[in-house]
Structures are given as structure tokens and as C-alpha cells.
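If you number the sequence shown the way the working numbering does, the last residue is 808 and the count never jumps.
Backbone N, C-alpha and C define an ideal beta-carbon position, used for all residues, glycine too.
Given the structure is predicted, the values throughout are model-derived calculations rather than measurements.
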Amino acid sequence: AVSSSLLDLRSRLSRMVVAFSHTNVPITTEDLGVSGALTVLMKDAIMPTLMQTAERTPVLVHSGPFANISLGNSSVIADKIALSLVGSDGYCVTEAGFGADIGMEKFFNIKCRTSGLKPNLAV
């Protein structure tokens, strides 16, 4: 949910620790030479799905609270696409997860910091 591009996704996947050696050295997917293959498997999953509400308002659905329990926020890519579509005078509503104790904290402390996005309002 915090990847901003396919290149960023590859970088994140390549740092994923999948095992430890006998000397307790972390082994990553890049060490195994599989981070490129993982990126190919995930290349379609990085883009959000365009849907519409009953009022015919466009909605970008991507990595909601139950699709990504570890973060519980919509994706950075979905938010950036939405912001580019509404322009400087428009607004974008994004869900920040399960509540103030988990969703909001992860939204402000992880998603906003890694994406550089700064919300103007929180409810």
C-alpha cells in the first residue's frame, strides 16, 4: 500500500527478509535472485480498480483495511491518482483503517511520511 511505483515496489520486495543463514545473517529475496519474479507477479496488483458509487461518483478501490491488515489504508498510488484527477481545487477522501488507535496512527506515521502526502482534514 505504500509503494509509489513499480520500481519502488521492486525495491521494497528486494529488501524482504525470507530467512536467516546459519550465522544469523538475514537473507533477502534479492540474495536469492527472486525479487524480479516477485515484482512481475505483483505488477498488476499495484494499480487500483476504478469503480463508481450509486450516485455515479468515481471511486478508486485499492488495499482497503481488510485487503492489507498490516497497514489498513488505501494505497499511495490510488490517492495520488485521485488527487491528480480532482485538481488543485478538488478533494480526495481516503480511508485510514480501523480507527484512531490503529488506522489513524498508521496513516499519519507510516503512509503520510513515506508518501509525502499531507492531509488537510481528518475526521
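Its chain contains C777 as the residues whose beta carbon lies nearer than 8 Å to that of V771, once the 5 sequence neighbours on both sides are disregarded; these appear in chain order. The C-beta separation of S706 from I712 comes to about 6 Å, placing the pair in contact by the 8 Å criterion.
Less than 8 Å divides the Cβ of D764 from the Cβ of T779.
For A704, the enclosing beta strand (DSSP E) starts and ends at 702 to 705. In the three-state reduction of the DSSP assignment, L802 falls in the coil class, being assigned neither a helical nor a strand state. Taking a C-beta distance under 8 Å as the contact criterion, S689 and S773 do not qualify as a contact pair.
Around the C-beta of P804, fewer than 16 other C-beta atoms lie within 10 Å, and the residue is accordingly described as exposed.
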